[in-house]
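**Student:** Note that full-length UniProt numbering numbers the sequence shown so that position 143 is 143, with each residue one more than the last.
In this text, a Cβ means the ideal position worked out from N, Cα and C, and glycines have one as well.
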Amino acid sequence: MLLLSLLRFLKPTKTLYPYIIRKCFSKWASAIENASSPHKALDLYSSMHRNAIPIDIFSVVFTLKSGSRLQNRTVIDHLHSHTIKLGFVANFYVANSLLNAYVATSFDKACILFDEMPERNTVMWNTMITGHSRSGNIDKARSLFYEMPLRDVSSYSSMIAAFSNHGCWNEGLLLFREMMAGGQIKPNQVTIGTVLSCCINMDSLGLLIGKSVHGFILKKGWELNVVIGNILVDMYAKCGFLKNALQVFDFMHERNVKTGTALICEAAQHGFSQVSLSLLKMMQEAGIRPNDLTFTGILNACVHSGLDVEGGKHFWMIEEYGLEGKIQHYGCMVDLFGKAGLLEEAFEVIKTMKFEANIVIWGSFLSACKEHKQFDLAERAIEQVSRIIKPENDGGIYTLICALYASNEKWDDVERVRKLMLDQNVRKVEGLSFIRKGL
1 MLLLSLLRFL
11 KPTKTLYPYI
21 IRKCFSKWAS
31 AIENASSPHK
41 ALDLYSSMHR
51 NAIPIDIFSV
61 VFTLKSGSRL
71 QNRTVIDHLH
81 SHTIKLGFVA
91 NFYVANSLLN
101 AYVATSFDKA
111 CILFDEMPER
121 NTVMWNTMIT
131 GHSRSGNIDK
141 ARSLFYEMPL
151 RDVSSYSSMI
161 AAFSNHGCWN
171 EGLLLFREMM
181 AGGQIKPNQV
191 TIGTVLSCCI
201 NMDSLGLLIG
211 KSVHGFILKK
221 GWELNVVIGN
231 ILVDMYAKCG
241 FLKNALQVFD
251 FMHERNVKTG
261 TALICEAAQH
271 GFSQVSLSLL
281 KMMQEAGIRP
291 NDLTFTGILN
301 ACVHSGLDVE
311 GGKHFWMIEE
321 YGLEGKIQHY
331 GCMVDLFGKA
341 GLLEEAFEVI
351 KTMKFEANIV
361 IWGSFLSACK
371 EHKQFDLAER
381 AIEQVSRIIK
391 PENDGGIYTL
401 ICALYASNEK
411 WDDVERVRKL
421 MLDQNVRKVE
431 GLSFIRKGL
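1. Which residues in the same chain have their Cβ closer than 7 Å to the Cβ of T105, if we skip the five residues on either side of it in sequence?
2. By the 10 Å Cβ neighbour count, where 16 or more other Cβ atoms means buried, how is R8 classified, buried or exposed?
3. I need the straight-line Cα distance from W362 to F355, nearest angstrom please.
4. Thinking C-alpha only, which one of M179, N121 and C168 is nearest residue 452?
5. Tell me, to the nearest whole angstrom, how far the beta carbon of I129 is from that of L144; I am working on the premise that it is less than 8 Å.
6. Which residue's Cα is closest to the Cα of I57: L86, L277, I318 and S66?
7. Across the stretch 316-323 and the stretch 341-352, are there enough close Cβ pairs to call them in contact, namely three or more that are closer than 8 Å?
8. By DSSP, does C402 sit in helix, in strand, or in coil?
9. Who are the near neighbours of A406 in its chain, counting only those whose CB is closer than 7 Å to its CB and skipping five residues on each side?
10. Measure the C-alpha to C-alpha separation of N201 and V233 and round it to an integer number of angstroms.
11. Could you compute how far the alpha carbon of V360 sits from the alpha carbon of G331?
12. Return helix, strand or coil for P38, following the three-state DSSP convention.
13. Within this structure, are the beta carbons of I32 and L44 separated by less than 8 Å?
14. Please classify I388 as buried or exposed, where buried requires at least 16 other C-beta atoms within 10 Å of its C-beta.
15. Quick one: what does DSSP say R22 is sitting in, helix, strand or coil?
16. Which same chain residues, not among the five before or five after G325, have their C-beta less than 6 Å away from its C-beta?
17. Taking E119 as the reference, which of G136, N126, A95 and D139 has the closest Cα?
18. Can you tell me the Cα-Cα spacing of A340 and H270, whole angstroms?
19. Nearest to F241 by alpha carbon, out of L174, M180, L173 and D203?
20. Output the distance between the C-alpha atoms of L279 and L377, rounded to the nearest integer angstrom.
21. Taking C-beta to C-beta, are I288 and V248 nearer than 8 Å?
22. Can you tell me whether Y93 is helix, strand or coil according to DSSP?
23. Buried or exposed for G172, going by 16 or more other Cβ atoms inside 10 Å?
24. Buried or exposed for L343, please, with buried defined as at least 16 other CB atoms from any protein chain shown within 10 angstroms of its CB.
25. What are the start and end residues of each continuous alpha helix (DSSP H) run of 4 or more residues lying completely inside the UniProt repeat "PPR" (225-259), in chain order?
26. Y156 by DSSP, collapsed to three states: which one?
27. Does the Cβ of M277 have 16 or more other Cβ atoms within 10 Å, making it buried, or fewer, making it exposed?
28. Below 8 Å on the Cβ atoms is my guess for T294 versus G260; work out the distance and round it to an integer in Å.
29. With a CB to CB cut of under 7 Å and the five nearest residues on each side skipped, what residues in its chain are close to I231?
30. With distances taken Cα to Cα, identify the nearest neighbour of E285 among L422, R255 and D152.
31. With a threshold of 8 Å on Cβ separation, who are the neighbours of V89 within its own chain once the five nearest residues in sequence on each side are excluded?
32. When we look at the beta-carbon of E116 and count the other beta-carbons within 10 Å, is it buried (16 or more) or exposed?
33. What's the gap between the Cα of A141 and the Cα of H304?
34. Hey, A29 and S66 are a contact pair by Cβ (cut 8 Å); roughly how many whole angstroms apart?
35. Taking the CB atoms as reference points, tell me whether V226 and N188 lie closer together than 8 Å.
36. Which residues in the same chain have their Cβ closer than 7 Å to the Cβ of Y93, if we skip the five residues on either side of it in sequence?
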């Protein structure tokens, strides 16, 4: 029997929900929808079949939704076969659920299913646009969008999101402009979120459009939800408009760790270290648990302002929150101690850290040695650096080593390093500037 073969994919459960058997089948659909795990949802569905409980469309839809979370194509294939046997496969709700399940488990099968459908509604087209975008085929997603017989606001939102996820921000904004110019389809908050996601990556031009979109939100009187609020905060902060970012932050009724972290990192980047520290305190008071990126922002803030004591305190706080220190946290501490002239402490951090120091950390340490004329420590570091330095990428480090030897008047070593640079064709990577054209 079809469903008996399905049982081998299920985890055994102690209770078979005998009391539900006496209830009408709509209660089964509700139980499947609210099941605590996909395995329990499938167990309920199998029990319906074994006990000859009439299976309705909603039971199938909720089972497919739960089953797709297992990422197991065999399970979805069994359920697909059963829907055909029940005669439900032509139902739009079931067909949509099947398509979603295959997009999550086997996109090739989803494409076959979509092509074989005699009738397709807008939801199905939208699902395939998202599926092609996730599979990396933005051209096929675009082709499907313009092939659609009828588009709704979700169609535009899906396509703009696809453009945003693939770095085609100009195309995303052009499509939004096309949508607004048409006048028939009005954007919702999901659309606005995808548009702002394009803006956040487009620097000054994105800021200009983002401000306009923000004005649209205010005109509509929409409440700033977490998603849109986070994007606006990130957009304003990245462009240096910290005051605007803080205003958005204040207007948000609900915030999460991403909101605070975005502000902390950008405030640190623009030199507002005390603002970063105050924001962390505000997060803690609100019961928002900081993550490792939050502490990266805080330590950067301490580096920018030379707050070595505060930096040390927050570095140890990482473990207090049950987080594991990352290499960027150790790098910040090396930079912080180095700028404060505490070279021995910085070297101790490098020696005791859980990771092998990369060229960025060593470069920071050597720069501090040069600044504070700690040539003995520098020579010890150079021995370590020589093992990991790459001539094709690290020309700046070679130049820094030459400068250190020159400052210590070790001209023979200067000559040796310069000859090495010539022999290995070492070059410093040239700086680049970009100018973005408008739409």
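**Tutor:** For this structure:
1. S68, Q71, N72, R73 and I76
2. Residue placement at R8 is poorly supported in this model, since its pLDDT is 42, which falls under 50; the coordinates still yield a value, given next. Answer is exposed; the Cβ neighbour count stays below 16.
3. 13 Å
4. With the chain represented from 1 up to 439, any question about residue 452 goes unanswered, as that position is not in the structure.
5. 5 Å
6. L86
7. no
8. helix
9. V414
10. 13 Å
11. 8 Å
12. helix
13. yes
14. exposed
15. Its pLDDT being 39, under 50, R22 is placed unreliably by the model, and the measurement read from it follows with that caveat. Looking at R22 - three-state DSSP - the assignment turns out to be coil, as it is neither helix nor strand.
16. I318
17. A95
18. 20 Å
19. D203
20. 37 Å
21. no
22. helix
23. buried
24. buried
25. 226-238 and 242-251
26. helix
27. Rather than Met, the amino acid found at residue 277 in this sequence is Leu. Answer is buried; the Cβ neighbour count reaches 16.
28. 7 Å
29. G193, L196, S197 and I200
30. R255
31. H80, T83, A95 and L98
32. exposed
33. 44 Å
34. That belief does not hold up - the Cβ atoms of A29 and S66 are roughly 12 Å apart, past 8 Å.
35. no
36. I57 and V61
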